[in-house]
Amino acid sequence: MTAPHGRPLLHLAADIGGQQAYDAGPHVEAARLAESGRLDFVTLDDSFARPGPDALAVLSRAAPATHRVGLVPTVTTTHTEPFQVQAAVATLDWVSRGRAGWRIEVSPTEGEARLFGRRNAAPAEELWQEAAEVAEAAERLWDSWEQDTGPRDPAGDRPAGRDRLHPVDFTGGTFSVRGPSAVPRPPQGHPVRVVDATEEHARATAARYADVVLVRAASPAQAAALRDRLRAAAAGFGRDPGSLRVLASLVVDLGDGEYAAERGHGGGGPRPSERGPLYRGGPVDLAELIAAWHRAGAVDGFHLLPAEPRRDLERLVNGTVALLQHRGLFRTFYPGSTLREHLGLARPASRYARAGGAA
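At position 197 of the sequence shown (counting the first as 1) the number is 198 in the working numbering, and the numbers step up by one without a gap.
Written out as structure tokens, the structure is:
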């Protein structure tokens with residue numbers, strides 16, 4: 002589907018973190034609100050460096066309470082076991098019926114390392130190399146069950162044959178895993194992988210493994226330059242660069258008015274903040290900003306982080322998103338049921354299917 006100016010429709014996502022609650026209720030409510038606006042997905046950040054509920058567990062609770070919106074928790078690849086990480090993400094894809102994503106992140110601080118006591122903090126470059134290896138191991142493990150193979154053969158009651166399960170023996174710089182996975186191949190084949198590639202160290206991992214890349218850019222030109230670099234790098238890894246969805250991350254403080262709180266702030270572009278580029282204004286000017294960046298072909302969409310979770314998400318959905326829908330720039334219904342379908346991404350074939358099923 003295309004917008005009136007001939008470009009594909011926008012992709013929109015929102016973060017539902019920042020809730021001062023340790024129960025899942027407020028996060029589930031936020032996910033349902035995002036779904037009412039037909040957003041592609043919601044993210045929930047997580048880190049060993051601060052207290053809070055486990056993002057993957059919370060979004061697993063949101064899965065049966067929602068029907069279409071994608072669910073993307075942050076799961077770090079540092080100090081975690083790759084086999085367990087891939088199994089947990091695959092399980093979220095199963096319980097959500099194909100709506101899971103995985104925001105890949107690393108844990109760089111010494112404080113986080115001391116929580117585990119196994120090793121010291123490592124430089125960002127090493128951690129992102131490890132993250133790439135975890136992503137590769139996860140992909141192999143997701144493929145280790147042939148599609149439509151479960152614990153029982155679909156044709157009968159006997160256990161699935163070993164010829165439909167494929168061994169995985171992967172050794173990285175800091176870990177090794179063996180398969181097959183404990184979880185059958187996810188409904189999406191590979192759950193959607195998301196990487197914030199604003200920092201240079203993360204870009205190779207994003208270009209090689211991410212389906213969605215987040216960038217923090219203060220202008221359309223900066224965003225377009227980052228997207229061009231990422232797509233060129235993806236092509237260098239043998240990927241179709243057009244399959245990479247690049248979203249601009251923007252903190253939004255929507256206040257109480259309909260237009261920008263400061264003259265020129267909304268339509269004039271974001272301003273720096275500790276969390277990244279910040280828009281402070283109203284839903285109308287935010288819709289104008291998003292439409293202008295999309296019209297310029299700078300990004301494929303936006304990942305929006307509400308400054309005040311409850312207020313700003315509601316004003317975003319009922320104000321900005323409604324305006325973009327009215328202008329024909331954003332969907333009014335979900336065209337499919339999986340996150341890959343929302344993003345216009347093909348379901349990847351298993352590497353064993355490509356090899357004719359040979360182990």
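Cβ coordinates follow ideal geometry from the N, Cα and C atoms, glycine included.
Please read all numbers here as calculations on a predicted model, not as lab measurements.
- Taking C-alpha positions only, TRP129 is separated from ILE105 by approximately 10 Å.
- The alpha carbon of ALA32 has as its nearest neighbour, out of PHE49, ALA14, TYR23, the alpha carbon of ALA14.
- Annotation: ARG230 to GLU342 spans about 25 Å, alpha carbon to alpha carbon.
- Shown here for PRO54: same chain residues with a beta carbon closer than 6 Å to its own, the five before and five after excluded, namely TYR23 in chain order.
- Annotation: PRO74 to SER351 spans about 24 Å, alpha carbon to alpha carbon.
- One thing to note: THR78 has its Cβ within 7 Å of the Cβ of VAL135.
- Under the DSSP assignment, PRO307 falls outside any alpha helix (DSSP H), being part of the beta strand (DSSP E) whose first and last residues are 302-307.
- Pairwise C-beta distances place the stretch 170-184 out of contact with the stretch 197-213, as fewer than three of them are shorter than 8 Å.
- Under DSSP, TRP146 forms a beta bridge with LEU166.
- Per the coordinates, the alpha-carbon of GLY298 lies some 16 Å from the alpha-carbon of ALA233.
- With a minimum length of 4 residues, the unbroken runs of alpha helix (DSSP H) contained wholly in the stretch 78-137 fall at 83-96, 111-117.
- Counting along the chain, ARG228 sits inside no beta strand (DSSP E); it lies in the alpha helix (DSSP H) bounded by residues 221-237.
- In this structure, the CA atom of PRO271 is about 5 Å from the CA atom of PRO278.
- Excluding sequence positions up to five before and after GLY18, its CB lies within less than 7 Å of the CB of LEU45, ASP46, all in the same chain and listed in chain order.
- With a contact defined as Cβ atoms closer than 8 Å, ARG209 and ALA133 qualify at about 6 Å.
- By the neighbour-count definition (other C-beta atoms within 10 Å, threshold 16), PHE42 is a buried residue.
- Here ASP47 carries a coil assignment [DSSP, helix/strand/coil].
- In the DSSP secondary-structure assignment, SER250 is bridged to HIS304.
- Using a Cβ-Cβ distance cut-off of 8 Å, the stretch 113-124 and the stretch 192-199 are not in contact, since fewer than three pairs of beta carbons, one from each stretch, lie closer than that value.
- Here the stretch 60-68 lies against the stretch 87-104, with 3 or more beta-carbon pairs under 8 Å apart.
- The criterion of a C-beta distance shorter than 7 Å is satisfied by GLN189 and THR339.
- The three-state secondary structure of ALA198, taken from DSSP, is coil.
- For the pair PRO27 and PRO310, the Cα-to-Cα distance works out to about 10 Å.
- About 15 Å separates the beta carbons of LEU227 and ALA236, which is beyond the 8 Å limit, so they are not a contact pair.
- Shown here, VAL184 sits in coil according to DSSP, grouped into three states, outside any helix or strand.
- Cβ contact annotation for PHE49 (same chain, cutoff 6 Å, sequence separation greater than five): SER108, GLU113, LEU116, in chain order.
- If you draw a straight line from the Cα of GLY118 to the Cα of VAL285, it is about 50 Å long.
- For ARG281, the enclosing beta strand (DSSP E) begins and ends at 279-281.
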